[in-house]
Amino acid sequence: MPGPAQQPSLTDADVRKIAALSKLTVDDGDLDIERQRLSAVLGYVDRLRTLDLEGVEPMTRASDEPARLRDDTPGESLPSETLANLAPDLFETCDSEGNAERLIRVPKVLGEGGA
Amino acid sequence: MALSPTSAYETAAAVQSRSASAADIVAAALGRINDANPRLNAFTEIFHQRASEQAQAIDTRIANGETLPLAGVPIALKDNICLAWGKTTCASRMLENYRSPFSATAAQRLINAGAVVVGKTNLDEFAMGASGEHSAFGPAKNPWDETRTCGGSSSGSACAAAAGLVPIALGSDTGGSVRQPASHTGTVGFKPTYGRVSRWGLVAFASGLDQIGPITADVRDAALCYSIIAGTDDHDLTSSSRAADDPIPELDTPLEKPRIGVPAFARATRNHPGVDESLRTAIAALRDEGAEIVDVELPHADHAIAAYYIIAPAEASSNLARYDGVRFGRRAQSPTDLEDMFVRTRTEGLGPEVRRRIMLGTHILSSGYYDAYYLTALKARRLIADDYNTLLEPERTDSPLDAILMPSTPGPAFKLGEKLDDPLALYLEDLYTAGVSLAGLPAISVPVRTTEADGTSLPIGVQLVGARWNESRLLRLARTLEIAVAFDANSSN
Chain A
0 MPGPAQQPSL TDADVRKIAA LSKLTVDDGD LDIERQRLSA VLGYVDRLRT LDLEGVEPMT
60 RASDEPARLR DDTPGESLPS ETLANLAPDL FETCDSEGNA ERLIRVPKVL GEGGA
Chain B
0 MALSPTSAYE TAAAVQSRSA SAADIVAAAL GRINDANPRL NAFTEIFHQR ASEQAQAIDT
60 RIANGETLPL AGVPIALKDN ICLAWGKTTC ASRMLENYRS PFSATAAQRL INAGAVVVGK
120 TNLDEFAMGA SGEHSAFGPA KNPWDETRTC GGSSSGSACA AAAGLVPIAL GSDTGGSVRQ
180 PASHTGTVGF KPTYGRVSRW GLVAFASGLD QIGPITADVR DAALCYSIIA GTDDHDLTSS
240 SRAADDPIPE LDTPLEKPRI GVPAFARATR NHPGVDESLR TAIAALRDEG AEIVDVELPH
300 ADHAIAAYYI IAPAEASSNL ARYDGVRFGR RAQSPTDLED MFVRTRTEGL GPEVRRRIML
360 GTHILSSGYY DAYYLTALKA RRLIADDYNT LLEPERTDSP LDAILMPSTP GPAFKLGEKL
420 DDPLALYLED LYTAGVSLAG LPAISVPVRT TEADGTSLPI GVQLVGARWN ESRLLRLART
480 LEIAVAFDAN SSN
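Chains as they are written, first to last, in numbering that gives the first Met the number 0: chain A, 0 to 114; chain B, 0 to 492.
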């Protein structure tokens, strides 16, 4: 296996970076144990390096069947009201024609500050 | 220990002939669950009223002359299988109040066939685990020894079937999550070929590996359940368009002189002695039934866990990106900004093992590591799958095997807490199951005998692996083995 995987042992900084990429945090108190556990798994999977994989076609799907594609035509779907009701934070407003509608509230996306 | 369950097969026949009522059958099942669940923690939710109402509706339909293959059969669903009522929690704080607006295809097909869903079962959070201990609601306990795990991740479904609470419990198997807990609880666990059963409504863990399958007390009920849930579904374009043949008519007709391969790596592995005994028992029983047992090689089998623990976390990290606190599930309180909402929602809502696998997958797929890990694992997957298919597929060999026989697990059910602090030790539970999942093959764990561990009698199963799309022959062979070994589910009494 070429490249960075030859050094599977992670540093604390690596773990913080991976957590950030995952949109997660690791508490300071858990950092050492998580680093050890992730490193142990990466160390274990490193055994794949011993295989001769020259010319082997990657197997991306379990099935031997060609992928089926749906016709590009509209079908039945769940009502948007049903789906909106699943959201953890909703508010009511009116659309441009004055009809009531429910929207999902999120923190401010542009600029600084929260919801 | 377990009550002897009344089988689904017998229950449906009795309700259909009106010698028993679905209402009484379901009431009895709910009574058993109410008694046992406080000890076993098999269920995350029990549908007392709805199940009773549905049972009465089944009785009315039967009285009106309908024929239903699962008339009045109480069933349970692993709580990562969506149902249009109750909650679908995936045993996660992230989804502890989530209510699915639709039912999974597999669940709906069973309901259409007359089954009554009495509850949802416990699991490792998002099906990631091999002990049931990674549930936000605590582990299910093994009915054979309540100080032990049921295995996982379909821990509650295995528990419910083993304790005789329901004759059929659906599980999901990504790297062994139906077969391993079945082996640990003395039940039958069947994973069909990848693509044979629709995944529509199964909450995604690793979409390229996930497959729904039944956990039952015997092979006949597994075949009956399979015959109803198998088949194409336009909601899931990875479901196969091949017609699924019905395994029931020929189930009790043994295959003529089946050829069964036993891989050398299974014999060479340092298994628990009871596992080796079970393998020998199964070999002897199948030989007595006329099988030819041959030694075979799976040269790459001992790389399966390494490939699996790259591919599955990679897919999981992508699938679980949807839990961001926006559209459904949990959201962190008073976020300061969008990033804070994402990070706190996910860190608070997901348990430690799920977070670990997301981090593993994120690392594996990140810039500079993709080829080294993910691409390498996909190539290894090809070699692992080729090993199996070369032995099993008539297109690849002049003398195809009818099945490969090997242990389901390296040992019997382990103690609660025994492997909790060592994720890698828990991953090694998948030694015999992960490679089969990577190849997408059908496989079934059948209980064979018990073994003694710390003065307790514990069940051990063996696994039969068949060629793709060849479930009917595999089930016939499993049925032959089941009858030949005559496993006694009550032998610990």
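For each residue, glycine too, the CB sits at the ideal point set by N, CA and C.
Item                                                                                                                                     : Value
Asp-123 of chain B beta carbon less than 8 Å from that of Thr-173 of chain B                                                             : no
Partners in chain B for Leu-23 of chain A, counting only beta-carbon separations shorter than 8 Å                                        : Val-342, Arg-345, Thr-346, Leu-349, Arg-354, Ile-357, Met-358
Three-way DSSP call (helix, strand, coil) for Gly-460 of chain B in this model                                                           : strand
Rounded C-alpha distance that separates Glu-392 of chain B from Thr-88 of chain B                                                        : 39 Å
Close-in-space but distant-in-sequence residues of the same chain around Thr-396 of chain B (CB under 8 Å, 5 per side omitted)           : Thr-389, Leu-390
Residue span of the alpha helix (DSSP H) that contains Glu-288 of chain B, given as start and end                                        : Neither: Glu-288 of chain B is in no alpha helix (DSSP H) and is coded neither H nor E.
Contact with chain B by Ala-18 of chain A, beta-carbon distance below 8 Å                                                                : yes
Cutoff 7 Å; reference Gln-55 of chain B; Cβ partners in own chain excluding five residues on either side                                 : Ala-22
Delimiting residues of the alpha helix (DSSP H) encompassing Phe-264 of chain B                                                          : 263–267
Neighbouring residues, chain A, relative to Arg-330 of chain B (Cβ below 7 Å)                                                            : Pro-87, Asp-88
CA-to-CA distance, Thr-231 of chain B to Gln-332 of chain B, given in whole angstroms                                                    : 42 Å
Where Gln-332 of chain B sits in the DSSP three-state scheme                                                                             : coil
Asp-336 of chain B at chain A interface by Cβ criterion, 8 Å                                                                             : yes
Span of the beta strand (DSSP E) around Met-405 of chain B                                                                               : 402–406
Cβ of Leu-30 of chain A within 8 Å of any chain B Cβ                                                                                     : no
Chain-order list of residues whose beta-carbon lies under 7 Å from that of Ala-222 of chain B (same chain, five-residue window excluded) : Pro-246, Ile-247, Leu-250, Leu-474
Own chain, CB closer than 8 Å to Leu-109 of chain A, minus 5 neighbours either side, in chain order                                      : none
DSSP bridge partner residues for Arg-448 of chain B (one or two, in chain order)                                                         : B:Ile-459
Residues of the region 158–170 of chain B whose Cβ lies closer than 7 Å to any Cβ of chain A, in chain order                             : none
Per-residue contacts from Leu-201 of chain B into chain A (C-beta, under 8 Å)                                                            : Result: empty, since nearest Cβ-Cβ is about 15 Å, beyond 8 Å.
Contact set between the region 304–316 of chain B and chain C, restricted to residues whose Cβ is under 8 Å from the partner             : The chain labelled as chain C is not found among the protein chains of the depicted structure, namely A and B.
Cα-Cα separation, Pro-37 of chain B to Ala-466 of chain B                                                                                : 41 Å
Chain-ordered residues of the region 241–268 of chain B with a beta carbon less than 9 Å from chain A                                    : Arg-241
Proximity test, Cβ basis, 8 Å: Leu-208 of chain B and chain A                                                                            : yes
Gln-462 of chain B, buried or exposed, once every other Cβ within 10 Å from all chains shown has been counted against 16                 : buried
Euclidean distance between Cα positions of Phe-327 of chain B and Ala-86 of chain A                                                      : 4 Å
Inter-residue CB distance, Ala-112 of chain B and Leu-69 of chain B (contact presumed, cutoff 8 Å)                                       : 4 Å
Residues within the region 361–381 of chain B neighbouring chain A, beta-carbon criterion of under 8 Å                                   : Thr-361, His-362, Ser-365, Gly-367, Tyr-368, Asp-370, Ala-371, Tyr-372, Leu-374, Thr-375, Ala-376, Leu-377, Lys-378, Ala-379, Arg-380, Arg-381
Residue-chain proximity (Gly-151 of chain B, chain A), Cβ-Cβ < 8 Å                                                                       : no
Cβ pair Ser-154 of chain B, Ile-211 of chain B closer than 8 Å                                                                           : no
Ile-459 of chain B vs Pro-409 of chain B beta-carbon contact at 8 Å                                                                      : no
Residue range of the alpha helix (DSSP H) that includes Glu-392 of chain B                                                               : Note, Glu-392 of chain B: premise wrong, no alpha helix (DSSP H); not H, not E.
Whole-angstrom distance between Val-202 of chain B and Pro-138 of chain B, CA atom to CA atom                                            : 20 Å
Chain A contact for Thr-237 of chain B (CB, 8 Å cutoff)                                                                                  : yes
Leu-23 of chain A versus B:Thr-344, B:Gly-360, B:Ile-363, B:Pro-73, residue with shortest Cα-Cα distance                                 : B:Thr-344
Residue burial classification, Asn-79 of chain B (beta-carbon count within 10 angstroms, cutoff 16)                                      : buried
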